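Enquirer: First the structure, which I've put down as structure tokens, then a few questions once you've had a look.
In the numbering used here, the protein residues as written are 123 to 781.
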């Protein structure tokens, strides 16, 4: 049979001077798209191939030297798709199959990284530290929690059961607080065309895909290297080490627990028949125990000193990947297990207070301009409150069901109704809101919040889902992971550890990956601009110049300590230019940096002795004007004061003489 294959010449080999082979098939004739130089791998070839079977059909592999954005306009080869899927399977970027839990399938992924405005990404990182601070302050305010959840608990049975546990143990039995928090954002395009970062929600419990998101970043770096994309994009995929960040956080909390000698274990609480098991396995490899809430009830107990025991083994930390949905509590066994954990001295990640603070009602309270500015004003500085409020979308407040229906009736397509639930698939959108509200009784409506939809701009990309490739217009949601640990009032760890980018087809409301709505993605940030590096270096010197040195490695370490820098490449550039400026300061004034700081820096040089010391008060020289001022005040006879005659300078300009 005769078949035609489109391919890149890099996959061919020369057996002799006359024959060319692709795999084991001899190529009979070659038609080059440009000329006869066969060694340039980026040219397209059209080959008449004599082989069996005759129905071979392979699309063109990606041409080297193009950008990710340009690659979206091309067709993907069968080999490219298979390479991508194989990489996912061999590196654990997988989910359990829905039909057979003994099988694994690749996770739904984007083929190429998306693009996030670098200013938006940097802002999301800065916001995360304020989110940690705000959540922690709210979680310790009993009066605030009671005022919010007392009314909701009367109409929401799930919230009520959690709230009852909180009322029994409002302070817990362990002074150590440990939380893994993920805050989700989208880029909102306002009516004026301005792009703004807007918060979707924050998650205080079971923030998933921390591990798989890092693998997607590695996958896109593999694609970049394998198919030789433009080198200018190297390093522009931000490092994503969420797995390491969570593991380090667990290690820090474990040390704070203080029972290393007895080999107290770490317990991960999971859902039965979890599809997203591989995201958990990476963390489990560093842990000792993994149980469902049912198993905790059956095998758990509390010792005489308050420790949590599972099969007589002490548990130091309980890391929840379940417990956020009513489906996780089908019987009283699960509720007994949740209360047992809270009653014990084990560190809960999160504790019951953090779990409550993660509900949507708190987000509504924070965003309302009339009431609530209150939590923001109470817990944050004015500039911090203003900064975090800039990321909020508008929430509509209502007191009655009729008022809620009236608000929705005006423009339902721009609204989303959210219940006090997590896990994806719970929100009600657009035209579905009114029929849903009409089905509710008069009381349960108060447990819902009404938020304006975020209007984001779609982009074109390939996705691979269930082994199938499709090109689609996508919109993305950026999640920032953070770890917060404190012992009483002492903060042990407060840092950003990584990110998650989820994309979904335009028109699809929900974005949950495990729920089947979206795909896991990564993003590129573009080039590192010299202007950005110089500005960052000058700010660094202004704020931290006493700590900076003339050594690049030391300055690089200081950059990591005092700043959140998205990539190692950017960190190295900033540290390098900072070192360069520090050396220049030793020699003379540098523009853009406080001259006072530079003078102090130069005075630190070894063997530096100023001609006149500012601390020497034995002799003070003044001019005639100052002398007259002292006389008028009656204090002209001061010891050590001498008058210096001013030199008269002729300010007349020299006379110009023509040629």
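Each residue gets a CB set at the ideal place from its N, CA and C atoms; glycine is no exception. The structure displayed is predicted, hence computed values, not measured ones.
How would you label residue 745, buried or exposed, when you count the other beta carbons within 10 angstroms and need 16 or more for buried?
Expert: exposed
Enquirer: Count the other C-beta atoms from every protein chain shown that fall within 10 angstroms of the C-beta of residue 742, then say buried if there are 16 or more, exposed otherwise.
Expert: exposed
Enquirer: Tell me the DSSP bridge mates of residue 350?
Expert: According to DSSP, residue 350 bridges with nothing at all.
Enquirer: Counting pairs of Cβ atoms below 8 Å between the region 547-563 and the region 584-604, do you hit three or more?
Expert: no
Enquirer: Along the beta strand (DSSP E) that carries residue 228, what are the first and last residues, could you check?
Expert: 226-228
Enquirer: Following a CB-centred definition, is residue 529 positioned closer than 7 Å to any heavy atom of the ligand ADP?
Expert: What this structure holds is no ligand at all, so the ligand ADP is not there to describe.
Enquirer: In the DSSP assignment, what residue or residues form a beta bridge with residue 218?
Expert: 226
Enquirer: Among residues of its own chain, excluding the 5 on either side of residue 303, which ones have a beta-carbon nearer than 6 Å to its beta-carbon?
Expert: 326 and 604
Enquirer: Measure the alpha-carbon distance for residue 289 versus residue 269 and round it to whole angstroms.
Expert: 12 Å
Enquirer: Excluding the five sequence neighbours on either side, which residues of its own chain have a C-beta within less than 6 Å of the C-beta of residue 437, listed in chain order?
Expert: 387, 389, 430 and 468
Enquirer: With C-beta atoms as the reference, is residue 520 less than 8 Å away from residue 573?
Expert: no
Enquirer: Helix, strand or coil: how does DSSP classify residue 682 here?
Expert: helix
Enquirer: Can we say the region 313-323 touches the region 254-262, given the rule of at least three CB pairs closer than 8 Å?
Expert: no
Enquirer: Would you give the residue range spanned by the beta strand (DSSP E) that residue 743 belongs to?
Expert: 742-744
Enquirer: When DSSP builds the beta bridges, which residues end up paired with residue 612?
Expert: 609
Enquirer: Considering only the alpha carbon of each residue, which of 366, 401 and 251 lies closest to residue 330?
Expert: 401
Enquirer: By Cβ distance below 7 Å, which residues in the same chain neighbour residue 483 in space, the five residues on each side in sequence not counted?
Expert: The beta carbon of residue 483 lies closer than 7 Å to those of 270, 274, 542 and 571 in the same chain, with the five residues before and after it left out.
Enquirer: Check whether the region 437-456 and the region 535-549 are in contact - that is, three or more C-beta pairs closer than 8 Å.
Expert: yes
Enquirer: Hey, residue 460 and residue 445 are a contact pair by Cβ (cut 8 Å); roughly how many whole angstroms apart?
Expert: Rounded to the nearest angstrom, the Cβ distance from residue 460 to residue 445 is 6 Å, consistent with a contact under 8 Å.
Enquirer: Less than 6 Å between C-beta atoms, sequence neighbours within five positions excluded: which residues of the same chain meet that for residue 300?
Expert: Closer than 6 Å at the Cβ level, and outside the excluded window around residue 300, lie 375, 469, 471 and 607.
Enquirer: Taking only the alpha-carbon atoms, compute the straight-line gap between residue 610 and residue 267 and give it to the nearest angstrom.
Expert: 19 Å
Enquirer: Expressed to the nearest angstrom, what Euclidean distance is found between the alpha-carbon atoms of residue 566 and residue 434?
Expert: If I take the Cα positions, the gap works out to 43 Å.
Enquirer: List the residues that DSSP assigns as beta-bridge partners of residue 301.
Expert: Beta-bridge pairing links residue 301 to 606.
Enquirer: Counting Cβ pairs closer than 8 Å, one from the region 279-288 and one from the region 577-587, do we hit at least three?
Expert: no
Enquirer: Residue 307 and residue 232 - do their beta-carbons sit closer together than 8 Å?
Expert: no
Enquirer: Would you give the residue range spanned by the alpha helix (DSSP H) that residue 247 belongs to?
Expert: It spans 240-261 - the alpha helix (DSSP H) in which residue 247 sits, taken as one unbroken run.
Enquirer: Could you give the uninterrupted runs of the beta strand (DSSP E) lying entirely in the region 533-617, keeping only those of 3 residues or more?
Expert: Unbroken beta strand (DSSP E) stretches of 3 residues or longer found wholly inside the region 533-617: 537-540, 571-574, 581-587 and 590-609, given in chain order.
Enquirer: Considering only the beta carbon of each residue, do residue 372 and residue 439 sit closer than 8 Å?
Expert: yes
Enquirer: What did DSSP end up calling residue 319 once you bin it into helix, strand or coil?
Expert: strand
Enquirer: Is it true that the CB of residue 252 sits closer than 8 Å to the CB of residue 486?
Expert: Their beta carbons are not under 8 Å apart, which means residue 486 does not touch residue 252 by this criterion.
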